[in-house]
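Take 445 as the starting number for the sequence shown in the working numbering and just add one per residue.
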Amino acid sequence: MTDLFSVAQQWLAQDPDAETRAELSQLIEQAQSGDAQAKTELAARFDGRLQFGTAGLRGRLQAGSMGMNRVLVAQAAGGLAEFMKGYDSQPSIVIGYDGRKNSDVFARDTAEIMAGAGIKTYLLPRKLPTPVLAYAIQYFDTTAGVMVTASHNPPEDNGYKVYLGKANGGGQIVSPADQQIAALIDKVAAGNIKDLARSQDFTVLDDEVVNAYIDKTASLAQEPAADINYVYTAMHGVGYEVLSKTLTKAGLPQPQLVNEQIEPDGNFPTVNFPNPEEKGALDLAIKLAKEKNAEFIIANDPDADRLAVAMPDLNGNWKGLHGNVVGCLLGWYLTQKAAEQGKQGVLACSLVSSPALAEIAKKYGFASEETLTGFKYIGKVQGLLFGFEEALGYLVDPDKVRDKDGISAAIVFLDLVRSLKKQGKTLADYINEFQQTFGAYVSGQISIRVSDLSEIGKLMTALRQMPPSEIGGFAVAQVIDHLKTERQNDILVFTLANGSRLIVRPSGTEPKIKFYLDAKGTDAANADQVLAQFDQSVRALLRQEKYGKQDC
445 MTDLFSVAQQ WLAQDPDAET RAELSQLIEQ AQSGDAQAKT ELAARFDGRL
495 QFGTAGLRGR LQAGSMGMNR VLVAQAAGGL AEFMKGYDSQ PSIVIGYDGR
545 KNSDVFARDT AEIMAGAGIK TYLLPRKLPT PVLAYAIQYF DTTAGVMVTA
595 SHNPPEDNGY KVYLGKANGG GQIVSPADQQ IAALIDKVAA GNIKDLARSQ
645 DFTVLDDEVV NAYIDKTASL AQEPAADINY VYTAMHGVGY EVLSKTLTKA
695 GLPQPQLVNE QIEPDGNFPT VNFPNPEEKG ALDLAIKLAK EKNAEFIIAN
745 DPDADRLAVA MPDLNGNWKG LHGNVVGCLL GWYLTQKAAE QGKQGVLACS
795 LVSSPALAEI AKKYGFASEE TLTGFKYIGK VQGLLFGFEE ALGYLVDPDK
845 VRDKDGISAA IVFLDLVRSL KKQGKTLADY INEFQQTFGA YVSGQISIRV
895 SDLSEIGKLM TALRQMPPSE IGGFAVAQVI DHLKTERQND ILVFTLANGS
945 RLIVRPSGTE PKIKFYLDAK GTDAANADQV LAQFDQSVRA LLRQEKYGKQ
995 DC
């Protein structure tokens, strides 16, 4: 325990944050006095360090090397600065942040350390959406970008997302850059962050780049004007200001606002999880939509790189559209427009997203591609026309950004609605037409959240060593283990004899293992029935003893 106390004291000595210093001091004092629970907690805080990977950093706001805090962020900034100096002879960076607790603090620490390392540094002027940061990398042609956000994670989390510009195209980091940066962060962490040079010689940007983003995004709207009665929620995030200005610039109608969720609030007081996919997250929006007799709801997640859509069914019951549905509707609309204009392009989605996108591409003679999960891969597809992932991420204008963008996706979605109104059609009509043209594809997801990350590895191992031979009465026709393919990724794919597909992978950003279910029916009602049976049979499978009797 002496070594643990020594490590904790060394961390404490370099921590510039009064809150985490007090938190850690108290924990050390309690542990040294013999408090067993405090000793266990202290050991957990320093049981390794929060790992820097292809998603950058993401974790709980707390003192210690396993949490997001100013020491860890300074170490990350120092390591990234060293990487950039080796990557570019004249390195530059732009930094953005959202409305979560300490996002602005982490961003300013990063700016000071980058400037202290001799790197040309820009800091966005205020809390802004992730897509604005992604655009700023290309706008200023910087070597790299950092966005301080934990996206739709719980309120107690924060994160640090890293992009590479110039030859890398402005997308999120991919391997081996993540490993190289991580190694340099470890070198910085071996010392003291007080030894990192800091400087105030960085530029706090004005609204020039924000306005440029708004202008370019507004230009996506090209359909004739139409009245649209819809509801919008920012989910306590940073999306509303930029979206509202873009709507005005584009001549699109403003939405009915969920006022309780419209301003940035890192406590996210009205939702359990600030994720539009989570049960209950859209309750306030649905309540308002019913009051206002709205046609549909759109929602951004807290950093506004995702877009959710909800609409009423024939019985007036509101529900969110699956990300695969929205992705395929946007993909079909954009592909039809491109085909009419004689353009070509690639439609891309992550391999856990709907196989229907490939069918759209096939119908119009376009190329399609399945990538590993994450927009860091989708954004790298050459000749990309449109990309999406089922987790509500859409890239509708790849010449502007190389990451998912919930603001531009909202503009294109509203333009799709205007296009339908011009034809005297509704969203429901468009969905029906899609099913008649391509089939009734349906998707579902089962997530198992764990408190011990080792449980994820145990379940993945069990599924590899004892793969199911049938699910729900249908034989498993094919098993693909992507650890053994060129993808080299921890993903399992089970294809059933009836054409249904189950994909299993650990989440890259949360302590979860995710099960993606894809099925196809003869029509919407049949497809829903097929999916319900599929879901029930997968849950029954996971409750078997050999798979750890999962609570799902």
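Glycine included, each C-beta is placed from N, C-alpha and C at the ideal position.
DSSP beta-bridge partners of residue i
i: Met591; result: Gly540, Lys605
i: Thr647; result: Tyr566
i: Gly823; result: Its beta-bridge partners do not exist; DSSP assigns none.
i: Ser450; result: In the DSSP output, where bridge partners are listed per residue, Ser450 has none listed.
i: Val920; result: Leu940
i: Asn744; result: Leu751
i: Glu960; result: One point to set straight first is that residue 960 is Tyr, not Glu, in the sequence displayed. Gln889, Ile947.
i: Ser794; result: Thr815
i: Leu871; result: Per DSSP, none; premise fails for Leu871.
i: Gly701; result: One detail in the question is off: residue 701 reads as Leu in this sequence, not Gly. Its beta-bridge partners are Tyr676.
i: Gln616; result: Tyr607
i: Ile915; result: Phe918
Separation of residue j from residue i, as counted between CA atoms
i: Leu696; j: Leu860; result: 12 Å
i: Ala578; j: Ala984; result: 42 Å
i: Arg945; j: Ala976; result: 14 Å
i: Ser852; j: Ala662; result: 8 Å
i: Val632; j: Gly522; result: 6 Å
i: Leu501; j: Asp747; result: 16 Å
i: Ala462; j: Gln454; result: 15 Å
i: Thr690; j: Ser812; result: 30 Å
i: Arg504; j: Val715; result: 18 Å
i: Gly492; j: Leu664; result: 46 Å
i: Met512; j: Asn602; result: 6 Å
i: Asp967; j: Ala872; result: 14 Å
i: Asp548; j: Leu456; result: 22 Å
i: Thr953; j: Pro718; result: 14 Å
i: Gly837; j: Ile947; result: 18 Å
i: Val845; j: Lys660; result: 11 Å
i: Ala712; j: Ser595; result: What sits at residue 712 in the sequence shown is Phe, not Ala. The alpha-carbon atoms of Phe712 and Ser595 are separated by roughly 12 Å.
i: Leu726; j: Arg949; result: 26 Å
i: Glu899; j: Lys993; result: 12 Å
i: Val538; j: Arg465; result: 29 Å
Unbroken beta strand (DSSP E) run spanning residue i, endpoints
i: Ile935; result: No beta strand (DSSP E) contains Ile935, which DSSP labels as neither H nor E.
i: Leu946; result: 945-950
i: Tyr430; result: Past the edges of the chain, shown from 445 to 996, lies residue 430, and the structure says nothing about it.
i: Val632; result: Premise fails: Val632 lies in the alpha helix (DSSP H), 621-633, not in any beta strand (DSSP E).
i: Phe832; result: 828-833
i: Arg502; result: 501-504
i: Ala811; result: 811-815
i: Lys763; result: 762-764
i: Leu839; result: 837-839
i: Tyr676; result: 674-677
Where the alpha helix (DSSP H) through residue i begins and ends
i: Pro1016; result: Because the chain here runs from 445 to 996, residue 1016 falls outside it and cannot be looked at.
i: Asn711; result: Counting along the chain, Asn711 falls outside any alpha helix (DSSP H), and DSSP gives it neither H nor E.
i: Tyr531; result: 514-531
i: Asp967; result: Neither: Asp967 is in no alpha helix (DSSP H) and is coded neither H nor E.
i: Tyr657; result: 652-662
i: Lys781; result: 767-784
i: Gly850; result: 850-866
i: Ala729; result: 727-736
i: Tyr808; result: 800-808
Residues near residue i in its chain [Cβ-Cβ closer than 8 Å; skip 5 each side]
i: Asp972; result: Val886, Gly965
i: Lys866; result: Glu667, Pro668, Ala670
i: Asp532; result: Thr587, Lys610
Residues near residue i by beta carbon distance below 7 Å, same chain, minus five either side
i: Leu486; result: Leu448, Ala452, Leu471, Ile472, Ala475
i: Arg642; result: Glu556, Ile557, Gly560
i: Arg931; result: Leu816
i: Trp776; result: Ile804, Phe878
i: Asp585; result: Gly609, Lys610
i: Gln705; result: Thr677, Ala678, Met679, His680, Thr714, Leu728
Neighbourhood of residue i by C-beta distance below 6 Å, restricted to the same chain and skipping five residues each side
i: Tyr674; result: Pro699, Ala738, Glu739, Phe740
i: Cys793; result: Leu801, Phe832
i: Tyr991; result: Ala906
i: Pro756; result: Trp762
i: Tyr657; result: Val576, Tyr579
i: Ser951; result: Lys958
i: Phe938; result: Val920, Val923, Leu946
Contact belief for residue i with residue j at Cβ below 8 Å, rounded distance in angstroms
i: Lys956; j: Ile892; result: 7 Å
i: Phe918; j: Asn942; result: 5 Å
i: Arg544; j: Thr574; result: Not confirmed; about 12 Å, so no contact.
i: Val702; j: Ala729; result: 5 Å
i: Gly789; j: Phe810; result: 6 Å
Cutoff 8 Å: residue i Cβ touching any chain D Cβ
i: Ala634; result: Chain labels in this structure do not include chain D; a single protein chain is all it has.
Contact test: residue i Cβ vs the ligand FMN heavy atom, cutoff 7 Å
i: Met904; result: Among the components of this structure there are no ligands whatsoever, and the ligand FMN is therefore not found.
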